[in-house]
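Below: one structure, written as structure tokens.
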Amino acid sequence: MTIPASPFFTHLQVGDIQLAHRVAMAPLTRFRALPSHEHDVELATTYYSQRASTHGTLIISEPTFICPRASEYPNIPCMWTIPQAIAWRNIVSAVHSKRSPTLGSLGRTAEPEILEAKGGDSCAGLLIYCTNVRKHREGRVH
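Note that the working numbering has the sequence shown beginning at 459, numbered continuously upward.
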């Protein structure tokens, strides 16, 4: 008996990018950035490089906020300062060296209490309040 090949492990052309298979790394919020919202470059480079170890794996990065008002979650990577951008550049370069493409994931949620303490303004197109993230971090969502 022959088991048919799974389509998950067949090549896929997406625009001008050739993926080796149809399995992608989904965006995960890890809360591992430094308090300055920069990645710990060594830790993040290892993390993303390990997931890109199979050539042609699409890596969708964790949510990355584009301005101080986009969100105020602690330890989330951001990209509005030069050091933050340099950290991301180093991580993306490491993933690309494994011949895997990356796709940035931008978040736009805010915890109401933190947003209000910072002036109550957000730069997102639509303000989305999210309380489940805090509950998850506190171990109350399973």
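Backbone N, C-alpha and C define an ideal beta-carbon position, used for all residues, glycine too. Keep in mind that this is a model prediction, so the values were computed, not measured.
Cβ shell of SER477 (< 6 Å), same chain only, five flanking positions each side left out: Residue numbering aside, residue 477 sits at position 19 when the sequence shown is read from its first letter. Going by the sequence as given, residue 477 is Leu instead of Ser. Excluding positions up to five away in sequence, the list reads LEU470, GLY514 and LEU516.
In the DSSP assignment, find the unbroken beta strand (DSSP E) run with VAL472 in it and report its ends. Here the question's residue 472 lines up with position 14 in the sequence shown. Taken as a continuous stretch (DSSP letters only), the beta strand (DSSP E) holding VAL472 covers 470 to 472.
Which residues mark the beginning and the end of the alpha helix (DSSP H) in which LEU516 is found? Locating residue 516 in the sequence shown gives position 58, where the first residue counts as 1. Segment 516 to 521 is the beta strand (DSSP E) holding LEU516; no alpha helix (DSSP H) there.
When DSSP labels each residue in this structure, what does GLU510 get in the three-state scheme? Numbered from its first residue, the sequence shown carries residue 510 at position 52. It is worth fixing the name first, because residue 510 is Ala in this sequence and not Glu. Looking at ALA510 - three-state DSSP - the assignment turns out to be coil, as it is neither helix nor strand.
Out of THR503, LEU486, THR487 and ILE540, which one is the CA nearest neighbour of ASN548? For the purposes of this step, residue 548 is taken as residue 90 along the sequence shown, with counting starting at 1. Here the closest residue by C-alpha is THR503.
Which residue wins for smallest C-alpha separation from ARG527, given the options GLU500, GLU574, LEU486 and TYR506? Translated into positions along the sequence shown, residue 527 becomes position 69. Sorting GLU500, GLU574, LEU486 and TYR506 by C-alpha distance to the C-alpha of ARG527 places GLU574 at the top.
Taking the alpha carbon of ALA463 as the reference point, which residue from ARG480, GLU571 and THR522 has its own alpha carbon closest? Taking the sequence shown and counting its residues from 1, the one referred to as residue 463 is at position 5. Closest by alpha carbon: ARG480.
Nearest by alpha-carbon distance to ASP498: which of ARG557, GLN542 and ALA552 is it? Here residue 498 refers to the residue found at position 40 when the sequence shown is read from its first residue. Ranking ARG557, GLN542 and ALA552 by Cα distance to ASP498 puts GLN542 first.
Can you name the start and end residues of the alpha helix (DSSP H) that ILE540 belongs to? Looking up residue 540 in the sequence shown gives position 82. Taken as a continuous stretch (DSSP letters only), the alpha helix (DSSP H) holding ILE540 covers 540 to 555.
Touching or not, the stretch 485 to 498 and the stretch 532 to 539, by the rule of three or more beta carbon pairs under 8 Å? yes
Can you name, in chain order, every residue of its own chain whose Cβ lies under 7 Å from the Cβ of LYS556, other than the five neighbours on each side? Along the sequence shown, one-based indexing puts residue 556 at 98. Cβ within range, chain order: SER507, ALA510, SER511 and HIS513.
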